[in-house]
Amino acid sequence: MTTVSLDNIRNFAIIAHIDHGKSTLADRLIQLCGGLSEREMKAQVLDSMDIERERGITIKAQTVRLTYRARDGQDYVLNLIDTPGHVDFAYEVSRSLAACEGSLLVVDASQGVEAQTLANVYQAIDNDHEIVPVLNKVDLPAAEPERIKQQIEDVIGIDASNAIEISAKTGIGVPEVLEAIVTRLPPPRGDRNAPLKALLVDSWYDAYLGVVVLVRIVDGVLKKGMRIRMLGAEATHDVESVGVFTPKLVGWPELGPGELGFFTGSIKEVADTAVGDTITEERRRADAPLPGFRPAQPVVFCGIFPVDAGDFEDLRTAIGKLRLNDAAFTFEMETSAALGFGFRCGFLGLLHLEIIQERLSREFDLDLIATAPSVVYRITLTNGDEIELHNPADMPDPVKIREISEPWLRATIMTPDDYLGAILKLCQERRGIQVDLSYVGSRAVVQYDLPLNEVVFDFYDRLKSVSKGYASFDYQLTDYRVGDLVKMQILVNAEPVDALSILVHRSQADRRGRAMCEKLKELIPPHMFQIPIQAAIGGKVIARETIRALRKDVLAKCYGGDVTRKRKLLDKQKAGKKKMRQFGKVDIPQEAFIAALKMDD
Numbered sequence: 103m104t105t106v107s108l109d110n111i112r113n114f115a116i117i118a119h120i121d122h123g124k125s126t127l128a129d130r131l132i133q134l135c136g137g138l139s140e141r142e143m144k145a146q147v148l149d150s151m152d153i154e155r156e157r158g159i160t161i162k163a164q165t166v167r168l169t170y171r172a173r174d175g176q177d178y179v180l181n182l183i184d185t186p187g188h189v190d191f192a193y194e195v196s197r198s199l200a201a202c203e204g205s206l207l208v209v210d211a212s213q214g215v216e217a218q219t220l221a222n223v224y225q226a227i228d229n230d231h232e233i234v235p236v237l238n239k240v241d242l243p244a245a246e247p248e249r250i251k252q253q254i255e256d257v258i259g260i261d262a263s264n265a266i267e268i269s270a271k272t273g274i275g276v277p278e279v280l281e282a283i284v285t286r287l288p289p290p291r292g293d294r295n296a297p298l299k300a301l302l303v304d305s306w307y308d309a310y311l312g313v314v315v316l317v318r319i320v321d322g323v324l325k326k327g328m329r330i331r332m333l334g335a336e337a338t339h340d341v342e343s344v345g346v347f348t349p350k351l352v353g354w355p356e357l358g359p360g361e362l363g364f365f366t367g368s369i370k371e372v373a374d375t376a377v378g379d380t381i382t383e384e385r386r387r388a389d390a391p392l393p394g395f396r397p398a399q400p401v402v403f404c405g406i407f408p409v410d411a412g413d414f415e416d417l418r419t420a421i422g423k424l425r426l427n428d429a430a431f432t433f434e435m436e437t438s439a440a441l442g443f444g445f446r447c448g449f450l451g452l453l454h455l456e457i458i459q460e461r462l463s464r465e466f467d468l469d470l471i472a473t474a475p476s477v478v479y480r481i482t483l484t485n486g487d488e489i490e491l492h493n494p495a496d497m498p499d500p501v502k503i504r505e506i507s508e509p510w511l512r513a514t515i516m517t518p519d520d521y522l523g524a525i526l527k528l529c530q531e532r533r534g535i536q537v538d539l540s541y542v543g544s545r546a547v548v549q550y551d552l553p554l555n556e557v558v559f560d561f562y563d564r565l566k567s568v569s570k571g572y573a574s575f576d577y578q579l580t581d582y583r584v585g586d587l588v589k590m591q592i593l594v595n596a597e598p599v600d601a602l603s604i605l606v607h608r609s610q611a612d613r614r615g616r617a618m619c620e621k622l623k624e625l626i627p628p629h630m631f632q633i634p635i636q637a638a639i640g641g642k643v644i645a646r647e648t649i650r651a652l653r654k655d656v657l658a659k660c661y662g663g664d665v666t667r668k669r670k671l672l673d674k675q676k677a678g679k680k681k682m683r684q685f686g687k688v689d690i691p692q693e694a695f696i697a698a699l700k701m702d703d
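Quick note on our numbering: the sequence shown kicks off at 103 and runs consecutively.
Rendered as structure tokens:
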């Protein structure tokens, strides 16, 4: 375990669109460098979570230290970071790229460049990376390497003439990738004798070790027993152990400049270790922090409630455990008249929301209801104050509001020409503003400005269905814009149901209100009195449906006799219904909430 010279270290990330083969390529590199024995190898070895393996996606960025003997006879240390491809986890990608000097750009030789490929490449270029293009899946009958090379040059603008053609699944061409990493990517720079300066790349909670912190050393040396200081969090810790991943956890004497590894120091919570923070020595501090990242900001909020109110404490414990490992996930307690006690949770996007929900129900065996997802609105009051609104039920009185702003995003959609018309129509329906439309071969690249609350609902599903799954979609939040937004309430039997209130653009309110009322009419069972279901904006009702009353046959036991006997019984029933109507409480079944909240457009 001698110290490695800087010239023999290579730090690189693998970037690609979802499903283009990043994790499989990582498997092959680990295998060729002998990181794991044949017995320990399994497919997608770096995707450790069950959900990652089932869905075939990477959620957490993972790292591995490999030793490779190159053709020039020298031994090199390769630090590989496998990054997520999905847009919700772009913050994972940004911090991983800052810890590297180069990237392998993996492109599927049959699918070509997709929206996410572009987003990640531009992030890599912003971090001054040397980029090596790799064409994967060249063994497939549909592969067209020459056309895709041309496409990489046209769309991304990087030279692809010496792109490496491989099949990560069968292992064809993978040794060439290792040689390219050594010969074409630059070594890191750093000064071993300078004060310690390290970038905090990631952190997660381990039941035995406490928080494990993944760091990239820029200058200086990190070793056991040091007292370190986090400049952003202004906290000090003692380093208890230092190590690297091979991908197994291996203890290591020290980490020098250019190296990636981890340390533990009995840190209790992941929230104490902000990603992008700079770590330095307490006694000999670095003069200035490294240019950090912006912390991950939740953009989508929804309420999560237990189906059985008795599970609330279990839900609190489960959410606390997930928060230990995911600093981008936020929560606070809230109560709802319809759903009882629960939590208002913040997420990075819809996939993030779905994964947290799935982990809560799967790992902690909880039955949950989630309210309709909403975004963060900024409200300017008439007195000049500005407040953030996470939950439509908390909206102040409209008289006090001067204006409401909503978040907008810039979406890039790549699609085969055949589906362009349907996609443009979908974007127009969602209040989109077209920014750009260009062509790369037979594929259209469309850029739209869209309001986030229109995308959050079910835009991604609709996009996939109108394009038969061929369109790819990527977005970045841009700014807040003032919009004509109104709060729509659902009233059942003249009582507002707070769990179903939403903020909606005035132009969409009638359509959404009508759809919601129709849906609830099907779902709420009839009672002994008739029940009006109304959608209202302020005091104005914009849509209404009525559930007819169940009618009990009060004349069943009345045989013969004068008609006045029957009349008397019917009048008595009428009066009773009127009284029930006044005091009648409507029981809305749990399923009705779930179905109304999942309402498809």
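The beta-carbon is built from N, C-alpha and C at its ideal position, and this holds for glycine as well.
According to the DSSP assignment, residue 408 belongs to the beta strand (DSSP E) that extends over 402-408. Judged by their CB atoms, residue 207 and residue 120 are not nearer to each other than the 8 Å cut-off. Taking the CA atoms as reference points, residue 450 sits about 5 Å from residue 400. Here DSSP, grouped into helix, strand and coil, assigns residue 454 to helix.
With contacts defined by Cβ atoms closer than 8 Å, residue 178 and residue 110 form a contacting pair. Contact check for residue 167 and residue 346: beta-carbon distance about 4 Å, within the 8 Å limit, so the pair qualifies. Scanning its chain for C-beta atoms nearer than 6 Å, with the 5 sequence neighbours on each side dropped, one finds around residue 466 the residues 420, in chain order. DSSP places residue 384 in no alpha helix (DSSP H); its state is neither H nor E.
In this model, residue 473 and residue 448 are separated by some 12 Å (Cα to Cα). When secondary structure is reduced to three states using DSSP, residue 399 falls in the coil class, being assigned neither helix nor strand. Residue environment: residue 224 is assigned as exposed (fewer than 16 neighbouring CB atoms within 10 Å of its CB, all protein chains considered). Beta-bridge partners assigned by DSSP to residue 269: 274. Per DSSP, the beta-bridge partners of residue 594 are 597 and 635. Its chain contains 379, 380, 382 and 391 as the residues whose beta carbon lies nearer than 7 Å to that of residue 333, once the 5 sequence neighbours on both sides are disregarded; these appear in chain order.
Secondary structure at residue 443: strand, using DSSP grouped into helix, strand and coil.
DSSP places residue 256 in the helix class (H, G or I) of the three-state scheme.
According to the DSSP assignment, residue 220 belongs to no beta strand (DSSP E) but to the alpha helix (DSSP H) extending over 217-228. Exclusion of the five residues before and after residue 574 leaves 216, 217 and 516 as the residues of its chain whose Cβ lies within less than 6 Å of its Cβ. Boundaries of the beta strand (DSSP E) around residue 605: 604-607. Only buried fits residue 170, as 16 or more other CB atoms lie within 10 angstroms of its CB. Counting along the chain, residue 299 sits inside the beta strand (DSSP E) bounded by residues 299-308. For residue 482, the three-state secondary structure derived from DSSP is strand. Runs of the alpha helix (DSSP H) lying entirely within the stretch 490-569, each at least 4 residues long, are 522-531 and 554-568 in chain order. Ranked by how close their Cα comes to the Cα of residue 357, the residues 385, 327, 343 and 319 have 319 in first place. For residue 210, the enclosing beta strand (DSSP E) begins and ends at 204-210.
The beta-carbon distance between residue 618 and residue 592, rounded to whole angstroms, is 6 Å. This is short enough to meet the 8 Å contact definition. When C-alpha distances from residue 634 are compared across 416, 236 and 598, the shortest belongs to 598. With 16 or more neighbouring CB atoms inside 10 Å of its own CB, residue 577 falls in the buried class. In the DSSP secondary-structure assignment, residue 488 is bridged to 482. In the DSSP assignment, residue 133 falls outside any beta strand (DSSP E) and lies within the alpha helix (DSSP H) extending over 124-134. Among the bridge pairs identified by DSSP, residue 356 is matched with 325. Contact annotation: residue 525 and residue 476 have beta-carbon atoms that are not nearer than 8 Å.
Non-local C-beta neighbours of residue 620 in its own chain, meaning closer than 8 Å and more than five positions away in sequence, comprise 647, ordered along the chain. Closest by C-alpha distance to residue 487, out of 676, 505 and 615, is 505. For residue 276, the CB contacts under 8 Å within the same chain, skipping 5 residues up- and downstream, are 127, 130, 131, 134, 268 and 270 in chain order.
Here DSSP, grouped into helix, strand and coil, assigns residue 174 to coil.
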